[in-house]
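Trainee: Quick one: structure below, then a few questions.
Number of protein chains: 2
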Amino acid sequence: MDGMSASSDQSASLASALQRGALFAANCPSRTVFKHVTSLWGVLVLIVLLAGTHRFSEIRRKVNGVSEKMLAQTLQNLEADGFVLRKVYPVVPPHVEYTLTALGEETARHVNALAELIERSYPQIAALQNAQQASESASR
Amino acid sequence: MDGMSASSDQSASLASALQRGALFAANCPSRTVFKHVTSLWGVLVLIVLLAGTHRFSEIRRKVNGVSEKMLAQTLQNLEADGFVLRKVYPVVPPHVEYTLTALGEETARHVNALAELIERSYPQIAALQNAQQASESASR
DNA sequence: GTAAGTACGTACAAAAAGGTTAGTGTGATG
DNA sequence: CATCACACTAACCTTTTTGTACGTACTTAC
Numbered sequence: 001m002d003g004m005s006a007s008s009d010q011s012a013s014l015a016s017a018l019q020r021g022a023l024f025a026a027n028c029p030s031r032t033v034f035k036h037v038t039s040l041w042g043v044l045v046l047i048v049l050l051a052g053t054h055r056f057s058e059i060r061r062k063v064n065g066v067s068e069k070m071l072a073q074t075l076q077n078l079e080a081d082g083f084v085l086r087k088v089y090p091v092v093p094p095h096v097e098y099t100l101t102a103l104g105e106e107t108a109r110h111v112n113a114l115a116e117l118i119e120r121s122y123p124q125i126a127a128l129q130n131a132q133q134a135s136e137s138a139s140r
Numbered sequence: 001m002d003g004m005s006a007s008s009d010q011s012a013s014l015a016s017a018l019q020r021g022a023l024f025a026a027n028c029p030s031r032t033v034f035k036h037v038t039s040l041w042g043v044l045v046l047i048v049l050l051a052g053t054h055r056f057s058e059i060r061r062k063v064n065g066v067s068e069k070m071l072a073q074t075l076q077n078l079e080a081d082g083f084v085l086r087k088v089y090p091v092v093p094p095h096v097e098y099t100l101t102a103l104g105e106e107t108a109r110h111v112n113a114l115a116e117l118i119e120r121s122y123p124q125i126a127a128l129q130n131a132q133q134a135s136e137s138a139s140r
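In structure tokens:
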């Protein structure tokens, strides 16, 4: 899928940019969806749900550091975008279950792969950052 | 005021959750790296650079809507994390080129796959959202 | 000589994200 | 009988992120 040289013509690059999708358009609604799934909490929720159906507080316990407010908001976004399914059991202590939809599962797998890649390469990244800091302070 | 006791109590559940990485730990540095690559501008820059080496203003023209400041910041982050390589030609009108590193290319491919998935499924998502809005206003 | 382009840095303002606290209503647990 | 757990919501406040405007040092084009 290469063959596209770095073109300097603006209309050509714009056309190719828009061909591949709307994400490159300035005020495009799919950017919002994208932010939902790539936000830190969105990512972690998706990965947790990849392991199966969870209740609200189960997710909260697994995703360390998320507040109830943020978790609720994240789940609402993911539900509205069709990534997770929310099932409410009308019992007296509330019981709500969250499950990935088919689209959510596919998305979560991509997200998980990306997360795993970054986690695996993090030691290397950290080493690089230390080296850069060292050379910076040496040049000063 | 909780969470500090987590280091001993939740360590068991943390261990299982964290087996595949540190992203689930509350204040883990790899979350920062993750945010760099999954931020909207980070994503779009990575995808643009997947097509090859670009100059600063070439990227700026392709990523519609990004300000110079944000683009500079994004590129600095991606460079510090080892995803992009910055090459400066010390000529009088400044000339700087940005290229993906090997790690950056692998990351960008993942990111691109995720972006393409979301773009492809966006029509479906938008339809769902319209349907949900319709049913909401009907129930009122 | 005036304007535009290049690759940023900086100061300030606006906006968004996120945290904290409190509250809901019942039911089980101590 | 008091507290906790559940699954949130609302109000309020702080922190972080992002945008805007401007400056730089120089060159090329008009």
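These protein sequence lines map, in sequence, to chains A and B.
Residue numbers are given in our numbering: position 128 of the first sequence equals residue 128, and the series is strictly consecutive.
Residue numbers are given in our numbering: position 93 of the second sequence equals residue 93, and the series is strictly consecutive.
Where is the CB? At the ideal position from N, CA and C, for every residue including glycine.
Everything numeric in this text was worked out from a predicted model, so none of it was measured.
Are the CB atoms of V96 (chain A) and V84 (chain A) nearer to each other than 7 Å?
Mentor: Their beta carbons are not under 7 Å apart, which means V96 (chain A) does not touch V84 (chain A) by this criterion.
Trainee: Taking the straight line between their C-alpha atoms, what separation do you get for P93 (chain A) and E58 (chain A)?
Mentor: Going from the Cα of P93 (chain A) to the Cα of E58 (chain A) covers about 15 Å.
Trainee: What ranges does the alpha helix (DSSP H) occupy inside the region 23-108 of chain A, keeping only unbroken runs of at least 4 residues that lie completely in it?
Mentor: Whole alpha helix (DSSP H) segments, 4+ residues: 30-38, 40-49, 56-62, 68-80.
Trainee: For N130 (chain A), return the contacting residues in chain B, with the cut-off set at a CB-CB distance below 7 Å.
Mentor: Those do not exist, as N130 (chain A) stays about 11 Å from chain B at its closest Cβ, beyond 7 Å.
Trainee: Can you check whether the CB of I47 (chain A) is closer than 7 Å to the CB of N130 (chain A)?
Mentor: Not closer than 7 Å, so no.
Trainee: Of all Cβ atoms in chain B, is any one closer than 7 Å to the Cβ of H110 (chain A)?
Mentor: Yes, H110 (chain A) lies at the interface with chain B (some Cβ there is under 7 Å from its Cβ).
Trainee: In chain B, which residues lie less than 8 Å from V96 (chain A) when you measure between Cβ atoms?
Mentor: The premise fails here: V96 (chain A) is roughly 17 Å from chain B at the closest Cβ pair, so nothing lies under 8 Å.
Trainee: Closer than 8 Å, Cβ to any Cβ of chain B: which residues of the region 52-77 of chain A, in chain order?
Mentor: So the close ones are R61, K62, V63, N64, G65.
Trainee: Identify, in the order they occur along the chain, each residue of the same chain with its Cβ nearer than 6 Å to the Cβ of T32 (chain B), setting aside the five sequence neighbours on each side.
Mentor: Excluding sequence neighbours, T32 (chain B) sits near nothing in its chain.
Trainee: Hey, how far is the Cα of V45 (chain A) from the Cα of M70 (chain A)?
Mentor: The straight-line gap from Cα to Cα measures roughly 11 Å.
Trainee: Is the beta carbon of I118 (chain A) less than 7 Å from the beta carbon of F24 (chain B)?
Mentor: No, the pair does not count as a contact, with Cβ atoms beyond the cut-off.
Trainee: Contact criterion: CB-CB distance below 7 Å. Does Q133 (chain B) meet it with respect to chain A?
Mentor: So no, Q133 (chain B) is outside the interface.
Trainee: Between the beta-carbon of L103 (chain A) and the beta-carbon of G82 (chain A), is there less than 7 Å?
Mentor: Contact: yes.
Trainee: Consider the Cβ of T38 (chain B): report whether some Cβ of chain A lies at a distance smaller than 7 Å.
Mentor: It does; some Cβ of chain A falls within 7 Å.
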